[in-house]
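Contents: one structure, followed by commentary.
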Amino acid sequence: METPLLSVKSLTIGIRRSKSADTIIVDDLSFDIQRGERFGIVGESGSGKSLTLRAIADLLPKGVEVLSGSIRYNGAELIGMPTVQRRRLMGPEIAMIFQEPMTALNPVIRVGDQIAEGPRRYLGLSKKAAMALAIEMMAKTGIPDPARRARAYPHELSGGLRQRIMIAMALSCGPKLLLCDEPTTALDVTVQHQVLKVLEKLCDDSGAALAFVTHDLAVVNQTCTDLAVMYAGHIIESGKVKSVFHDPRHPYTKGLLDSAPDFDQPERDLVPIPGFPPNLAARTSGCPFAPRCVFAVEACTVAMPPTMEVAPGHNAACIESQHIFEGVTV
Amino acid sequence: MTTPTAALVSFKERRRAVRSRSIKPWYRNGSLMAGIIIVGLLVLVAVLAPVLAPYDPVAQHLTNALASPNAAHWLGTDKFGRDVLSRLIWGAQVDLRVGFLAVLIPFVVGSVLGAIAGYFGGWLDTVLMRIVDIFFAFPFYVMVIVLVFIFGSGEASIYIAIAAVSWVSYARIVRGEVLIAKKQDYVVAARLGGMSHARILVRHIGPNVLSQAIIYGMSDIVMDIMAIVTLGYLGLGINPPTAEWGSMINDGQEFITTLWQQATIPGLVVVITSLGLSWLGDGLSDLLSPERRK
Amino acid sequence: MSETPVLRVADITKTYHVNSSVLARLSRGDGRKSSLSALDGVDLQLNKGEILALVGESGSGKSTLAKILVGSTTPTSGEVDYHGAPMPLHRDKDASRRIQMVFQDPYSSLNPRISVGSMLKELLLLHKIVPRSEVRAESVRLLNLVGLEEDALQAYPSQFSGGQRQRIAIARALAVRPDILIADEPVSALDVSVQATILELFASLQRELGLSILFVAHNLAVVQHLSQRVAVMYLGRIVEVAETAELFRNPRHPYTRALIDSIPRMSAESINEEFVLEGEPPSPFDIPPGCRFNPRCPYASDACRTTDPALATVAPQHESACIRASELDVLAITLTQRTAGESAA
Chain Z
1 METPLLSVKS LTIGIRRSKS ADTIIVDDLS FDIQRGERFG IVGESGSGKS LTLRAIADLL
61 PKGVEVLSGS IRYNGAELIG MPTVQRRRLM GPEIAMIFQE PMTALNPVIR VGDQIAEGPR
121 RYLGLSKKAA MALAIEMMAK TGIPDPARRA RAYPHELSGG LRQRIMIAMA LSCGPKLLLC
181 DEPTTALDVT VQHQVLKVLE KLCDDSGAAL AFVTHDLAVV NQTCTDLAVM YAGHIIESGK
241 VKSVFHDPRH PYTKGLLDSA PDFDQPERDL VPIPGFPPNL AARTSGCPFA PRCVFAVEAC
301 TVAMPPTMEV APGHNAACIE SQHIFEGVTV
Chain Y
1 MTTPTAALVS FKERRRAVRS RSIKPWYRNG SLMAGIIIVG LLVLVAVLAP VLAPYDPVAQ
61 HLTNALASPN AAHWLGTDKF GRDVLSRLIW GAQVDLRVGF LAVLIPFVVG SVLGAIAGYF
121 GGWLDTVLMR IVDIFFAFPF YVMVIVLVFI FGSGEASIYI AIAAVSWVSY ARIVRGEVLI
181 AKKQDYVVAA RLGGMSHARI LVRHIGPNVL SQAIIYGMSD IVMDIMAIVT LGYLGLGINP
241 PTAEWGSMIN DGQEFITTLW QQATIPGLVV VITSLGLSWL GDGLSDLLSP ERRK
Chain G
1 MSETPVLRVA DITKTYHVNS SVLARLSRGD GRKSSLSALD GVDLQLNKGE ILALVGESGS
61 GKSTLAKILV GSTTPTSGEV DYHGAPMPLH RDKDASRRIQ MVFQDPYSSL NPRISVGSML
121 KELLLLHKIV PRSEVRAESV RLLNLVGLEE DALQAYPSQF SGGQRQRIAI ARALAVRPDI
181 LIADEPVSAL DVSVQATILE LFASLQRELG LSILFVAHNL AVVQHLSQRV AVMYLGRIVE
241 VAETAELFRN PRHPYTRALI DSIPRMSAES INEEFVLEGE PPSPFDIPPG CRFNPRCPYA
301 SDACRTTDPA LATVAPQHES ACIRASELDV LAITLTQRTA GESAA
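Protein chains in written order, with my numbering: chain Z, 1 to 330; chain Y, 1 to 294; chain G, 1 to 345.
As structure tokens, this is what we get:
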């Protein structure tokens with residue numbers, strides 16, 4: 001079998017403490033992203049989805065660090081790689097798009113120059129050639145009149161245009177992996193639709209793989225082929241989007257799907273998940289979802305359930321999965 | 001009465017979760033505790049001055065003037081033969097009282113004016129803030145000294161002078177905080193609840209904006225004690241023969257080469273007091289900061 | 001629909017004048033003030049006991065309209081009728097009691113220094129809803145109504161999660177016994193699994209207390225689940241109003257169609273690959289002449305660039321502000337065929 005483009009193994013992220021036990025935010029996470037795959041990571045606030053993405057990009061906030069585990073990109077271990085070498089991957093190999101482009105763009109540099117910077121540095125292009133490429137990338141992301149817009153400063157552009165600039169910048173050096181952290185959450189519906197379309201098309205054209213973090217199930221359904229559902233720092237279910245959406249095998253995934261309004265099923269009642277999202281400081285030894293799970297049995301509170309293959313390519317971390325979902329057809 | 005939601009949400013469960021988040025309790029806050037201990041001791045000394053002071057602070061014994069520290073007078077006597085230790089202890093009473101009171105008046109006046117300006121805005125705000133700007137343009141000491149000259153020396157004129165100058169800081173701080181607070185949805189909600197502006201300002205906005213002013217007030221007490229000491233040193237402070245640290249430093253400096261402790265010890269006490277109040281202010285700002293409340 | 005609506009707004013406008021700085025005016029070379037037209041002639045009615053959704057993107061003016069309805073902002077022109085009688089511009093205690101609001105951000109909407117019990121007590125006494133001796137019982141009843149237990153009375157807002165805070169905010173709004181609730185994006189700041197509980201709460205309040213609710217939202221899937229009628233706003237105007245099922249089945253304004261086609265779908269089959277609305281909403285500083293949607297509209301004709309269409313009845317209980325409303329279905333098919341033809345070629 002081919003080596004996956006990105007392979008995350010037993011990744012644990014947290015805050016190291018000298019006096020007490022470390023605070024663990026992401027716990028023993030493993031997943032692979034294949035070349036050209038569109039991989040969604042779904043979870044609610046506090047699930048650790050954004051931190052996972054940031055760990056791959058080496059952008060963890062101060063104080064939070066990778067405690068153990070491995071992240072391999074194209075077979076090369078990223079954890080422990082010298083910073084200089086790792087930073088060199090960012091741009092030509094791995095690129096990232098953020099929720100709020102305004103914080104990621106430099107406010108005092110024209111957007112065209114910001115896009116051209118990567119190609120000049122990594123692809124060794126001349127100033128002129130890099131600018132031509134920048135304008136071409138802007139055109140590809142559907143920015144009207146790119147040559148004129150290239151001379152604009154970020155604050156002169158709307159949210160949707162800024163996000164397109166971010167996409168153009170991220171893809172300008174032809175990365176193999178594009179990390180997206182809630183890239184359309186701050187945008188209006190019609191603009192979100194446009195931006196997602198552009199993102200999909202450009203990834204298809206360039207063959208870049210997508211790691212897409214969001215809280216919006218419908219956006220994942222629309223954009224991704226595979227997904228992992230995170231809860232309290234664990235991947236509790238993963239597989240093909242179609243398979244997980246049609247036949248969820250973890251009570252949390254099922255709960256999420258049942259609680260989200262579905263435009264195509266207006267008559268369906270929304271079923272909320274009882275209880276509260278998990279609290280990081282109050283970790284339990286068992287399944288993190290057990291306190292909110294209506295199916296929880298005693299064994300659930302004892303140990304974190306192992307991840308089991310419930311269908312080909314479809315994994316769930318629930319010991320009761322078979323019981324609960326036996327005979328369930330959607 | 002019907003209960004529309006499927007299940008009542010147990011609040012206790014949530015409370016447990018919140019509590020388990022580690023927030024440092026107030027008594028584990030180092031600077032707050034240091035501040036409380038120092039300021040507490042000073043206040044205690046001031047209150048117990050009649051008991052603690054071995055001698056009458058103003059009784060003159062010219063025959064025993066300028067004595068070096070000895071068993072009877074631990075810190076010696078000044079040029080009028082008054083016991084330095086007793087004067088230091090009684091001085092705590094005067095300086096702390098003047099310090100606190102000189103903060104209280106501008107705190108109240110400034111906060112009220114600042115809150116009104118910030119809440120209602122418009123021409124009132126513009127006029128008030130221009131006045132504040134004018135006050136800020138003058139150096140603090142120049143203003144205070146001029147005002148004390150006008151009103152004559154003595155405790156009352158010190159209060160008036162300091163209040164007249166330092167209310168502007170409180171006005172500015174509180175106005176800024178009110179500007180932020182009044183945009184919060186809970187203020188809009190209070191208006192929709194039919195509450196009067198006065199009620200909203202006092203009950204709903206007040207408690208949320210005063211913490212910054214209180215913290216500033218702590219450091220302002222330090223400033224004011226320094227001001228009294230400075231005025232005392234310039235001979236504009238509390239009228240003699242009342243024991244007061246500033247005038248003690250002033251009196252003692254003549255003999256700095258022979259009896260160094262006469263000026264140095266009161267100076268040291270002033271420094272310690274300032275440190276204590278600063279730490280207290282620091283600790284309070286930790287305690288009252290909004291992150292703790294969130 | 002002969003019954004008087006509980007709330008009706010007629011030709012509401014709201015214009016903000018932005019004082020540009022002297023420097024900016026000099027550099028632009030003209031002395032004019034720029035003005036922003038947040039609402040530009042809005043007519044809307046809320047019927048008794050219904051949930052009416054107000055949908056639009058950022059800058060459409062939906063939040064400004066909500067603020068005008070509760071009286072926290074005054075309109076530049078137009079009037080707000082409550083049960084057929086005009087609401088005074090500055091509402092007194094009793095007038096403001098009748099229309100209450102639930103805010104988007106459950107963090108800024110609760111005062112961090114006032115306990116839940118004290119907050120409710122203040123309102124109950126101020127409006128003399130119950131005698132002093134019954135305040136506690138009434139507070140508990142309100143908490144139970146929104147799904148919280150009695151023990152919440154002593155607690156402060158910081159001790160609650162976002163969803164619980166939103167419940168408390170709803171209890172506060174209900175304390176003064178309003179008959180209209182204006183909810184400004186009340187679930188968009190909440191996690192998905194919590195959203196459903198709050199939506200269910202709104203539905204039950206409508207069902208059991210007979211409240212009339214204006215629900216401002218941008219998420220059409222949420223709106224479809226909750227509301228009986230929907231009003232769609234675009235750049236300070238209402239462009240389409242209809243009953244929910246009718247609106248989603250038979251949208252008669254190109255913008256509504258675009259909105260519906262942009263909704264991310266939960267099932268793969270209904271993902272729309274064809275229709276992508278071009279461009280972004282223009283700035284409210286600079287509203288295009290003619291129909292305000294024409295620069296982005298795929299069906300815009302010359303007439304659309306010159307006439308500013310008003311809301312007109314296109315079907316029973318269905319109004320749309322589009323001069324080509326009746327041709328839309330045919331136009332859509334032609335457009336699809338043309339794009340298909342282009343991609344084939």
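Note that the Cβ used here is the ideal one computed from N, Cα and C, for glycine as well.
Starting from residue i, follow its DSSP beta bridges and name the residues at the other end.
| i | result |
| --- | --- |
| residue 12 of chain G | G/42 |
| residue 215 of chain G | G/53 and G/183 |
| residue 180 of chain Z | Z/97 and Z/212 |
| residue 235 of chain Z | Z/230 |
| residue 315 of chain Z | Z/238 and Z/309 |
| residue 6 of chain Z | Z/33 and Z/73 |
| residue 234 of chain Y | Note: residue 234 of chain Y sits in no beta bridge, so no partner. |
Identify, in the order they occur along the chain, each residue of the same chain with its Cβ nearer than 6 Å to the Cβ of residue i, setting aside the five sequence neighbours on each side.
| i | result |
| --- | --- |
| residue 148 of chain G | 167 |
| residue 142 of chain Z | 198 |
| residue 312 of chain Z | none |
| residue 300 of chain G | 294 |
Give the secondary structure of residue i by DSSP, where H, G and I count as helix, E and B as strand, and everything else as coil.
| i | result |
| --- | --- |
| residue 151 of chain Y | helix |
| residue 252 of chain Y | helix |
| residue 367 of chain G | Examination of residue 367 of chain G is not possible in this model, given that chain G is present from 1 through 345 alone. |
| residue 77 of chain Y | strand |
| residue 314 of chain G | strand |
| residue 137 of chain Z | helix |
| residue 182 of chain Y | coil |
| residue 239 of chain Y | coil |
| residue 86 of chain G | strand |
| residue 18 of chain G | strand |
| residue 227 of chain Z | strand |
| residue 155 of chain G | coil |
| residue 262 of chain Z | coil |
| residue 320 of chain G | strand |
| residue 34 of chain G | strand |
| residue 83 of chain Y | strand |
| residue 335 of chain G | helix |
Among the residues of its own chain, which have a CB less than 8 Å from the CB of residue i, if the five just before and after it don't count?
| i | result |
| --- | --- |
| residue 21 of chain Y | Legend: pLDDT at residue 21 of chain Y = 40, less than 50; position of this residue unreliable, no value from coordinates given. |
| residue 3 of chain G | 47 and 48 |
| residue 205 of chain Y | 115, 119, 178, 181, 182 and 187 |
| residue 60 of chain G | 233, 234, 235, 236 and 281 |
| residue 15 of chain Z | 22, 23, 25, 63, 64 and 65 |
| residue 65 of chain Y | 77, 78, 79, 80 and 81 |
| residue 56 of chain G | 62, 218, 232, 233 and 234 |
Apart from the five residues on each side of it in sequence, which residues of its chain come closer than 7 Å, Cβ to Cβ, to residue i?
| i | result |
| --- | --- |
| residue 232 of chain Z | 47, 278 and 288 |
| residue 168 of chain Y | 110, 132, 135 and 136 |
| residue 92 of chain Y | 42, 45, 46 and 49 |
Do residue i and the ligand PLP come close, with the Cβ less than 7 Å from some heavy atom?
| i | result |
| --- | --- |
| residue 212 of chain Y | Absent from the structure shown: the ligand PLP. Ligands present: none. |
Interfacial residues, the stretch 163–194 of chain Y to chain G, with Cβ spacing under 7 Å
184, 185, 186, 188, 189, 191, 192, 193 and 194
Secondary structure, alpha helix (DSSP H): runs of 4+ residues fully inside the stretch 8–93 of chain Z:
49–56 and 83–89
Interface residues of the stretch 204–236 of chain Y facing chain G [CB-CB below 8 Å]:
204, 207 and 208
For the stretch 184–199 of chain G, which residues have a CB atom closer than 8 Å to at least one CB atom of chain Z, in sequence order?
191, 192, 193, 194, 195, 196, 197 and 199
Sequence ranges, beta strand (DSSP E) only - wholly within the stretch 220–306 of chain G, length at least 3:
229–234 and 237–243
Members of the stretch 195–225 of chain Z near chain G, C-beta cut-off 9 Å
196, 197, 215, 216, 217, 218, 219, 220, 221, 222 and 223
Taking any Cβ of chain Z, which residues in the stretch 236–270 of chain G have a Cβ under 7 Å from it, in chain order?
258, 259, 262, 263, 264, 265, 266, 267, 268 and 270
Quick check for students: name the residue ranges of the beta strand (DSSP E) that lie wholly in the stretch 74–128 of chain G, counting only runs of 3 or more.
77–82 and 99–102
Which residues, taken in chain order from the stretch 26–46 of chain Z, show a beta carbon closer than 8 Å to some beta carbon of chain G?
44 and 45
With 9 Å as the C-beta to C-beta threshold (strictly closer), list the residues of the stretch 62–92 of chain G near chain Y in chain order.
67, 70, 71, 72, 91 and 92
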